[in-house]
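According to mature numbering (1 follows the signal peptide of the UniProt record, and there is no 0), the sequence shown holds residues -19 to -1, 1 to 715 in order.
Idealized CB from N, CA, C, for every residue including glycine.
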Amino acid sequence: MKKLIALFCLLAFVIGAQAQRKVSLQDVAQGTYRAQSIYGIKPMLDGEHYTQMSSDKKRIVKYSFKTGKEVEAIFDVTTARDCPVKSFDDYIMSPDEKLILIQTDTKPIYRHSFTAEYYIYNVKNNKMEPLSKNGPQQVPLFSPDGFQVAFVRNNNIFLVKLLFGNSESQVTKDGEYNKVLNGIPDWVYEEEFSFNRAFDFSADSKMIAYIRFDESQVPMFSFPWYKGMAPEKSQYATYPGAYEYKYPKAGEMNSKVSVHTYDIKSHVTRKMDLPLDEDGYIPRIKFTSDPEKLAIMTLNRHQNRFDIYMANPRSALCKLTIRDEAEQYIKEQAYSDIVFYPENIVMMSERDGYNHLYLYTIGGNLIKQVTKGKFEVKDFLGWDKPTNTFYYTSNEESPLRTAVYKTDAKGKTIKLSTRTGTNSAIFSTNLSYYINNFSNIDTPTLITINNNKGKELTTLLDNSKLKSEVATLNMPKKEFFSFRTTEGVELNGWMMRPANFDPSKKYPVIMHQYSGPGSQQVLDRWGIGSFSDGGMFEAYMCDKGFVMVCVDGRGTGGRGVDFEKCTYCFLGVKESHDQVEAAKHLSSLPYIDGNRIGIWGWSFGGYNTLMSMSEGTPVFKAGVAIAAPSDWRFYDTVYTERFMRTPKENGDGYNAGSAILRAPKLHGDLLLIHGTADDNVHYQNCAEYSEALVQAGIQFDMQVYTNRNHSIFGGNTRNHLMNRVANFFIEKLK
């Protein structure tokens, strides 16, 4: 009996200990409690199946949309003939799904670009062969007939003809590093227009169209490389090296862009007669199903006029088909989410004050505005032309939530997703099924398969293990709130209070925010918090006695044009003022100590931290700015001018939004963090801002990470960074 009692006591102790488990910073850095998801789902032609790479990166598995169960492995490295690899990184199916490009030895370049070694796998004969033996490739693309593959190597386009013994020929020959790029975007296009391939095949597989980027006149930027660790660059053990690339800063010269076509049979190259402004942009090209119609999408430098031209790839004539204009700027969805059907075009526009779907003829005549109302369409998911039914996600319920909808020919709208929170969807090619990805503030990712009436057919992933693990943690309470500023603007936020919260006590606050144009952090989703992991860093800090808060100020998304674009030409002014207003609101709450409020953020969030701490109202006692821009004159053309125009046109706006010029007004203890190899927000921003503080006689803390880019990770780096941030706030606010 004594042994049994002792066993029960031990069991009770273990259960009690588990109930009091706490999140560690190591957990945060390693993503211990990050929700699982399902990636790389690729719907197949038959509409009944989809493919996905296995978790061990050894197989391509075919699944049933109806049941979610595995049907067969259509590629396996252990059984494929002449397979030289033990695993792979990704794959591309040919249009008829008879061939597969297997991606291996992937080496990242920038955010979206990479090189890789590709192999052609024949599904029928189970055999592999290299796409090319002449060096790594970029962005390979099958021709519509599946008999050719084009790719880029060393800034030139190459063509492999599969029916001719994989013979390889060179389409362009003037590509040169830091001078000319063919078929791939330059740095700023890739970063700000979010794509990595700038060529396409015609529908009859007879021509290739591509964008040519002449960046020879774009100013060069360089940053140093050191030996470092994790990874180590041993070539720089004694003398540092340097990385040089073309980076156009606000007001500077961009690449000169032009569109060309290449006739595969005659080898004739033509330049399209495109009426583009000398300093205009070409963010996308796309062949339609008509081989005589190449859609060329353009923007003026202010990015407030979006044009779609239909070009004849042989005559080079270009006809303006659709023009969309905005008072401030055109958002990226206009060209990133556009879909060309044989006889129609579906695109998005904010012309009525909210982002909605519009249906055009292929000739550019507006048929109708598909969705209407004071809400935003987030994603266009598909159009079933026979029934004239459109599928999409929108935040019709609330700016904090998204759901899957369909609208029929009569304009009747039906909500398909059944759970309240954040929903996204991937539809089968015949639009009969969709995979729904759901989460909310209390529920980690739940992935189900549903039919197009919204009926749930099966569950693919429920994160039950994570839910059980989180249940054993000493987790704080998450809740939404809203308040009205002194200017009468209603703002949304979320708050996390310690698990043992005592309303009679006064707590210090740490505010985290991003605040960039169109962004949202106050959303009803599991990915709440500074690392989108359910608030685990916030849980750690709550356990240290802090209340954690996030507020989306003016300029953020989800609430229409007027709210989002009111910051136009004066980035950082209203955004920082709203964080000050949020701090003042929090100070009015009985359980908040208004003398101990901190603020921090990364990238734009770091910038807005600097702006908020020097806004002129001394409400913040401490702040951390990570990878922060400090003056918009240092940032790239496309992003900066979209919201600010050029420094020459808008000097007052650039001055008002300069954290450097505000530096003498900085109030509170500050920690600056930056990576020396940040190709996006250059270390120059940190160097110049810190110098401004030095000359203003203001003391501050600073943490520099060797050879780290904008994400600041690698080896123990992220763990070190999180400890630095946490300990700084504990020291300054406790």
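Suppose you measure from the CA of residue i to the CA of residue j; what does that come to, to the nearest Å?
| i | j | result |
| --- | --- | --- |
| Lys187 | Met683 | 57 Å |
| Tyr635 | Glu556 | 14 Å |
| Gly261 | Ser45 | 46 Å |
| Glu622 | Gly604 | 28 Å |
| Val42 | Lys629 | 55 Å |
| Arg62 | Tyr100 | 12 Å |
| Ser500 | Arg540 | 11 Å |
| Gly695 | Trp581 | 22 Å |
| Lys246 | Tyr335 | 46 Å |
| Phe139 | Lys713 | 58 Å |
| Asn421 | Glu519 | 17 Å |
| Gly344 | Tyr170 | 28 Å |
| Glu377 | Arg400 | 14 Å |
| Leu(-10) | Asn418 | The predicted model places Leu(-10) with a pLDDT of 49, which falls under 50 and marks its position as unreliable; any figure quoted below should be read in that light. Cα-Cα distance, rounded: 41 Å. |
| Leu26 | Asn411 | 8 Å |
| Gln7 | Met703 | 9 Å |
| Arg286 | Phe361 | 22 Å |
| Ile266 | Ala307 | 21 Å |
| Thr598 | Leu567 | 14 Å |
| Ala677 | Ile578 | 23 Å |
Smallest Cα separation from residue i: which of the options?
| i | options | result |
| --- | --- | --- |
| Trp364 | Phe194, Thr403, Lys355 and Ile319 | Ile319 |
| Ser150 | Lys436, Tyr14, Tyr243 and Leu397 | Tyr243 |
| Val470 | Met74, Gly435 and Phe544 | Phe544 |
| Thr590 | Leu653, Gln314, Leu347 and Gly510 | Leu653 |
| Phe710 | Ile55, Met492, Gly695 and Gln350 | Met492 |
| Lys237 | Phe194, Val249 and Pro205 | Phe194 |
| Glu225 | Tyr158, Glu259 and Ser413 | Tyr158 |
| Thr87 | Lys486, Ala97 and Phe69 | Ala97 |
| Ala202 | Lys227, Met456, Ser511 and Met594 | Per the sequence presented here, residue 202 reads as Phe, with Ala not at that position. Selected option, being the one with the closest Cα: Lys227. |
| Ser485 | Glu460, Phe95, Leu552 and Ile573 | Ile573 |
| Pro380 | Ile407, Gln502 and Glu450 | Gln502 |
| Val685 | Arg134, Gln676, Asn704 and Ala608 | Ala608 |
| Thr153 | Ala131, Thr440, Asp650 and Asp71 | Ala131 |
| Ser584 | Asp70, Pro498 and Met625 | Pro498 |
| Phe145 | Gln284, Leu112, Gly474 and Asp271 | Leu112 |
| Asp37 | Ser5, Lys23, Arg15 and Asp71 | Asp71 |
| Lys393 | Asp633, Thr368, Phe268 and Arg134 | Thr368 |
| Phe482 | Gly678, Cys523, Asn473 and Phe464 | Cys523 |
| Phe321 | Lys105, Ile277, Thr32 and Glu172 | Ile277 |
| Ser183 | Ile407, Leu275 and Arg92 | Leu275 |
| Arg282 | Cys299, Pro229 and Met328 | Pro229 |
Beta carbon of residue i, beta carbon of residue j: below 9 Å?
| i | j | result |
| --- | --- | --- |
| Asn137 | Gly116 | no |
| Phe356 | Ser375 | yes |
| Arg699 | Thr657 | no |
| residue 724 | Val532 | Nothing about residue 724 can be read from this structure; the chain reaches only from -19 to 715. |
| Ile289 | Leu301 | yes |
| Ile81 | Ser75 | yes |
| Val141 | Asn177 | no |
| Val619 | Val561 | no |
| Thr342 | Glu313 | no |
| Arg643 | Ala231 | no |
| Tyr670 | Ser611 | yes |
| Gln309 | Phe624 | yes |
| Ser68 | Lys108 | no |
| Val706 | Ala637 | no |
| Ile430 | Thr424 | no |
| Ser405 | Lys359 | yes |
| Leu472 | Arg535 | yes |
To which residues does DSSP link residue i through a beta bridge?
| i | result |
| --- | --- |
| His241 | Tyr191 and Lys252 |
| Ala406 | Asn417 |
| Asn473 | Ser463 and Asp533 |
For the beta strand (DSSP E) that residue i lies in, which residues bound it at each end?
| i | result |
| --- | --- |
| Gly392 | Note, Gly392: premise wrong, no beta strand (DSSP E); not H, not E. |
| Thr590 | First-last for Thr590: Phe585 to Met594, but that is the alpha helix (DSSP H), not the beta strand (DSSP E). |
| Asn636 | Element bounds for Asn636: not the beta strand (DSSP E) but the alpha helix (DSSP H), Gly632 to Ala637. |
| Tyr664 | Premise fails: Tyr664 lies in the alpha helix (DSSP H), Tyr664 to Gln676, not in any beta strand (DSSP E). |
| Leu347 | Leu347 to Gln350 |
| Glu149 | Ser148 to Gln151 |
Can you tell me where the alpha helix (DSSP H) with residue i in it begins and where it stops?
| i | result |
| --- | --- |
| Asp167 | First-last for Asp167: undefined, no H or E at that position. |
| Phe709 | Thr698 to Leu714 |
| Gln560 | Val554 to Ser568 |
| Arg643 | Ala640 to Arg643 |
| Asp543 | Val542 to Glu545 |
Below 8 Å, is the gap between the Cβ of residue i and the nearest heavy atom of the ligand SAH?
| i | result |
| --- | --- |
| Asn688 | Of ligands this structure carries none, so the ligand SAH is not represented either. |
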